[in-house]
Each structure stands twice: as C-alpha cells, then as structure tokens.
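Reading through the structure tokens given below for one structure.
In the numbering used here, the protein residues as written are 1 to 318.
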C-alpha cells in the first residue's frame with residue numbers, strides 16, 4: 001500500500017499544501033472547520049487501496065497552505081479557483097469531489113461554477129441552499145438562529161480569535177469536533193467556545209493522539225485564516241448574484257448523520273427531504289446515516305468510505 005505523500009503546489013496566487021495517496025482517477029477531499037487534510041486519513045487510505053488517487057488539500061487559510069491576511073481573499077470564488085488550479089497543476093480535466101461542512105459548500109460551488117471539472121460530487125452534512133436575492137448570507141443565518149450563532153460571532157475580526165485563545169488548542173478541537181450540543185448558538189452574552197462543553201471522555205472513533213495532530217497544526221497556524229471564510233460570506237453572496245437560480249447538474253450524493261446538529265436544526269431536515277432541494281440539484285441521491293453526527297467522515301469512517309466508493313464506482317461505469 002502506498003504512503004501518504006505531501007507537497008505544496010502553486011495555485012491561484014497561493015501555495016497550497018496537499019496530501020495524496022494512491023494512483024488512478026482523482027478524488028478531491030475537502031475538509032471542514034476546524035479541520036485540516038488529516039480529517040480524511042481514513043478515506044485517503046481506503047480510496048488508494050481501491051484504485052483511486054485521493055488528494056486532500058489544506059484549504060486556503062488552513063494548516064500548511066498560505067493564509068492571506070485580508071478576509072476578502074476568502075470568497076467562494078477564491079476557493080473554487082484554488083481547486084481548478086489544483087486540477088490544472090496535475091493536468092486533470094475532471095475529478096470526483098467529496099466535501100464536508102465548509103468543504104461541502106465549496107464543493108457545491110465548484111459544481112455550480114465549473115460543472116465540467118466535476119465527475120461526481122459527494123456532500124457531507126451541508127446541502128445546497130438557494131441564494132436569497134435580497135438577504136445577505138450572514139443576515140439570513142442570524143434571522144434563523146439569532147446573534148449567538150457561530151457565523152455571527154465569527155464576523156468581527158479578532159473577537160473569536162481572542163475567545164479561542166483562552167483555551168488550549170486540544171480543548172478547542174474537542175469542543176468543535178466532538179460537540180453533541182443541539183446547535184452552535186451561544187446564549188446571550190456568551191462566546192460560542194465558552195458555550196461548547198469539553199467532553200471528559202473521547203468517543204471510540206478518535207484518539208487523543210489524532211486530535212493532537214489537529215491541535216498542533218492550529219497552534220502553529222492560528223484561527224484567523226479559517227475564520228476569514230465566514231467573514232467573506234457576504235462578499236461571496238454578492239459575487240454569486242449572476243448564478244442566482246442556477247441548478248446543480250453534476251451527479252451528486254448527499255450524506256448526513258441523523259444526529260448532525262446542522263441537519264436537525266433550522267429546517268434543514270425538511271429541506272433535504274422536500275422537493276426544493278431535488279429541484280435545485282437535478283441528479284441527486286440522499287443517504288442518511290443513523291447515529292451519525294457532523295464530522296461523519298471521521299466518526300463513521302467505514303460507512304462513509306463505502307458510500308463514496310459505491311457512488312464513484314457507479315459513475316465510473318457510466
């Protein structure tokens with residue numbers, strides 16, 4: 001079995017770190033917040049074993065990739081440009097794409113803006129929501145969840161960084177990656193990181209050593225780059241106006257855990273099971289994993305890997 005190889009490539013004006021394993025058709029694996037390439041450790045090995053070239057980048061702002069200082073450098077168009085540049089670097093016209101959390105949002109928009117580059121897309125946890133032509137993204141999220149929602153708290157430069165700095169990075173990882181709260185909404189006057197509990201016991205699917213890989217990297221790189229994605233949300237909203245009403249035509253599988261806080265709150269479950277989602281994503285499969293939470297690719301690694309493989313294998317036969 002091949003080992004995970006690391007390199008930094010130049011794409012879209014930044015240096016991007018990628019981890020890759022295997023040979024064959026390319027599968028791009030896009031992590032969420034607060035993660036790095038390492039969140040895909042199980043899928044990298046699994047997909048390589050089954051004849052694919054799995055590539056997991058550190059998204060801009062994360063890990064060993066460049067982290068531009070200005071929040072305006074973190075729009076969805078920037079992330080899509082990073083990924084098309086990555087594919088160009090390897091002379092790959094098309095790839096399978098898998099994304100979780102913000103990686104799913106980026107994957108949806110890669111599929112929307114450059115569908116000819118995406119052979120098939122697997123979205124974990126976050127569906128494709130229609131863009132409101134009148135209400136900006138942060139305002140629409142705040143209207144649903146209130147000012148205590150993490151997206152609202154992340155807007156002011158320095159606020160979340162200051163709150164996160166009160167905690168050891170390992171505790172920050174435990175709070176976010178292992179959260180079992182009903183929502184990422186803090187009570188009035190409380191920061192989201194203070195609201196999230198720190199689990200006293202680790203679940204069976206992750207070890208302290210694995211969590212330290214994330215913690216060490218965020219200790220080194222900080223959180224401003226990752227937070228800048230949220231600070232650019234409204235800028236992305238404005239730039240995406242020309243695609244208002246456009247549909248996702250790329251073959252897509254949506255996977256979510258039935259215990260995912262993002263799936264259970266804000267009407268997401270009804271949206272995913274309703275007609276609007278299927279009208280926006282014209283070639284769609286939906287699979288709900290029982291007992292799964294938000295970072296399901298780590299928690300239910302084998303199930304998710306099997307779902308990814310069955311989907312891309314089917315598309316490979318078409």
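Each residue gets a CB set at the ideal place from its N, CA and C atoms; glycine is no exception.
Taking the alpha-carbon of residue i as reference, which of the options has the nearest alpha-carbon?
{"i": "residue 237", "options": "138, 258, 249 and 16", "result": "138"}
{"i": "residue 58", "options": "49, 143, 30 and 84", "result": "30"}
{"i": "residue 277", "options": "34, 309, 140 and 123", "result": "123"}
{"i": "residue 33", "options": "246, 275, 150 and 23", "result": "150"}
{"i": "residue 65", "options": "52, 83, 53 and 54", "result": "83"}
{"i": "residue 160", "options": "191, 168 and 9", "result": "191"}
{"i": "residue 296", "options": "40, 197, 220 and 171", "result": "40"}
{"i": "residue 283", "options": "170, 115 and 180", "result": "115"}
List the DSSP bridge partners of residue i.
{"i": "residue 5", "result": "20"}
{"i": "residue 136", "result": "DSSP, once it has assigned bridges, lists no residue as partnering residue 136."}
{"i": "residue 118", "result": "95"}
{"i": "residue 50", "result": "Residue 50 is not bridged to any residue."}
{"i": "residue 289", "result": "257"}
{"i": "residue 10", "result": "15"}
{"i": "residue 26", "result": "53"}
Please report how far the alpha carbon of residue i lies from the alpha carbon of residue j, in whole angstroms.
{"i": "residue 244", "j": "residue 132", "result": "8 Å"}
{"i": "residue 312", "j": "residue 187", "result": "42 Å"}
{"i": "residue 239", "j": "residue 135", "result": "14 Å"}
{"i": "residue 157", "j": "residue 103", "result": "22 Å"}
{"i": "residue 249", "j": "residue 201", "result": "43 Å"}
{"i": "residue 279", "j": "residue 269", "result": "16 Å"}
{"i": "residue 46", "j": "residue 72", "result": "36 Å"}
{"i": "residue 193", "j": "residue 144", "result": "20 Å"}
{"i": "residue 44", "j": "residue 36", "result": "13 Å"}
{"i": "residue 106", "j": "residue 99", "result": "7 Å"}
{"i": "residue 87", "j": "residue 14", "result": "14 Å"}
If contacts are defined as beta-carbon pairs under 8 Å, then residue i and residue j qualify, I think. What distance do you get, rounded to the angstrom?
{"i": "residue 258", "j": "residue 290", "result": "6 Å"}
{"i": "residue 231", "j": "residue 121", "result": "Wrong, their Cβ atoms sit about 26 Å apart, outside the cutoff."}
{"i": "residue 27", "j": "residue 96", "result": "4 Å"}
TODO: Would you mind listing the beta strand (DSSP E) stretches within the segment 194 to 268 that are 3+ residues and don't spill past its ends, in chain order?
DONE: Listed in chain order, the complete beta strand (DSSP E) runs (minimum 3 residues) inside the segment 194 to 268 are 252 to 257.
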